[in-house]
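Position one of the sequence shown corresponds to residue 1 (the UniProt record's numbering), numbered consecutively onward. Following: one structure in structure tokens, then a few remarks.
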Amino acid sequence: MTINLIIFPGYYVPHIGGLETHVDEFVKYLSKDEDFNIYIFAPNIPKYKDFEIRYNNVKVFRYPAFEVIPNYPLPNIFSIKFWRMFLGLYGINFHVVMTRTRFFSNTLLGFLFAKLRLSRIKVVHVEHGSAFVNVGNSLTNRIAYIYDKTFGKLIFKGADCVVAISKSVKKFILEHFLEDPNIPVIYRGIEIQKIDNIVEDIEIKKRFKDKIKLCFVGRLYRWKGVDNLIRGYKLLPKEIRDRCVLIIVGYGEDLEYLKKLAGEDL
Numbered sequence: 001m002t003i004n005l006i007i008f009p010g011y012y013v014p015h016i017g018g019l020e021t022h023v024d025e026f027v028k029y030l031s032k033d034e035d036f037n038i039y040i041f042a043p044n045i046p047k048y049k050d051f052e053i054r055y056n057n058v059k060v061f062r063y064p065a066f067e068v069i070p071n072y073p074l075p076n077i078f079s080i081k082f083w084r085m086f087l088g089l090y091g092i093n094f095h096v097v098m099t100r101t102r103f104f105s106n107t108l109l110g111f112l113f114a115k116l117r118l119s120r121i122k123v124v125h126v127e128h129g130s131a132f133v134n135v136g137n138s139l140t141n142r143i144a145y146i147y148d149k150t151f152g153k154l155i156f157k158g159a160d161c162v163v164a165i166s167k168s169v170k171k172f173i174l175e176h177f178l179e180d181p182n183i184p185v186i187y188r189g190i191e192i193q194k195i196d197n198i199v200e201d202i203e204i205k206k207r208f209k210d211k212i213k214l215c216f217v218g219r220l221y222r223w224k225g226v227d228n229l230i231r232g233y234k235l236l237p238k239e240i241r242d243r244c245v246l247i248i249v250g251y252g253e254d255l256e257y258l259k260k261l262a263g264e265d266l
């Protein structure tokens, strides 16, 4: 029997981020199994193709969306195209809905798509977050916390299966949402060959050829611990700091705050 699987990620490529590439790698390899027929329904941010087929017949639908808060997309419910695309999904006999990360509106959309119907669909929720949202705006943090404790909790308790991507994520889930010690932890794999094929940045290599390179790559949020990394680097004795360079690569709503924190040291 062929399993029709639809994934509702917070974002999907070409949007840049770990969740996006995690989902992309997942469907890349799962689509090799002919027992799965895979669909993706994601916000069209940044603007890209409304529909495309990737890998082995992975069907990607990108719907009209916007961001009120950076990195938190919302479906454009005033768009006829959105409703045409969303309602069109009901014509497909899905067996499993997969959602990714509790605080995205697309996760709630996928959950409601699976459960608000006469014949409910199984929901597999994959959680990527290991803490409550903690950004520079206290109002954003408060709204996100309330959302987590209402809709986020609903998603965890209503899902047929919850998967954590790390032990720290599982610990967070058990402390705040569920009491199920049997939640599986499935780590992301590493595409070694793809990494080995990346061409070295010669400019950086030459510029810092005599330095010990410390590097962070990821979204620039304080809850990722980037601020602690910067503070720790600045606390190093001068003779050690002179031998090192801290390279931070990424983007996020705390970019300006982190640049100010770094000052002339980075």
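C-beta atoms are modelled at their ideal positions from N, C-alpha and C, and glycine is treated no differently.
Judged by DSSP secondary structure, F111 falls within the alpha helix (DSSP H) whose first and last residues are 105 to 115.
Segment contact: the region 51 to 66 against the region 75 to 85, three or more CB-CB distances shorter than 8 Å; contact assigned. When I190, V126, D242 are compared, the shortest CA-CA separation from I212 is found for D242. Shown here, L87 sits in a helix according to DSSP, grouped into three states. In this model, N57 and K32 are separated by some 9 Å (Cα to Cα). Bounds of the alpha helix (DSSP H) holding N141 are 138 to 147.
For Y29, the enclosing alpha helix (DSSP H) stretches over residues 18 to 30. Taking the C-beta atoms as reference points, Y11 is found nearer than 9 Å to L19. Per DSSP, F172 is one residue of the alpha helix (DSSP H) stretching across 167 to 176.
Setting aside the 5 residues that flank it on each side, D24 is surrounded in the same chain by V13, each with a C-beta closer than 6 Å to its C-beta; the list follows chain order. Across the structure, K28 and H22 are spaced so that their CA atoms are roughly 10 Å apart. If you check the CB distance, F216 and L236 do not come in under 9 Å. Per the coordinates, the alpha-carbon of R222 lies some 13 Å from the alpha-carbon of A262.
Straight across, the Cα-Cα distance linking R219 with G252 is about 5 Å. If the five residues before and after I183 are omitted, its C-beta is found closer than 8 Å to the C-beta atoms of V162, V163, A164, K170, I173, L174, all from its own chain and listed in chain order. With at least 16 other beta carbons inside 10 angstroms of its own, T107 counts as buried. Collapsing the DSSP output to three states places T150 in a helix. Bridge pairing for T101: absent [DSSP].
Going by C-alpha positions, K47 is about 31 Å away from A159. Less than 9 Å divides the Cβ of I7 from the Cβ of G110.
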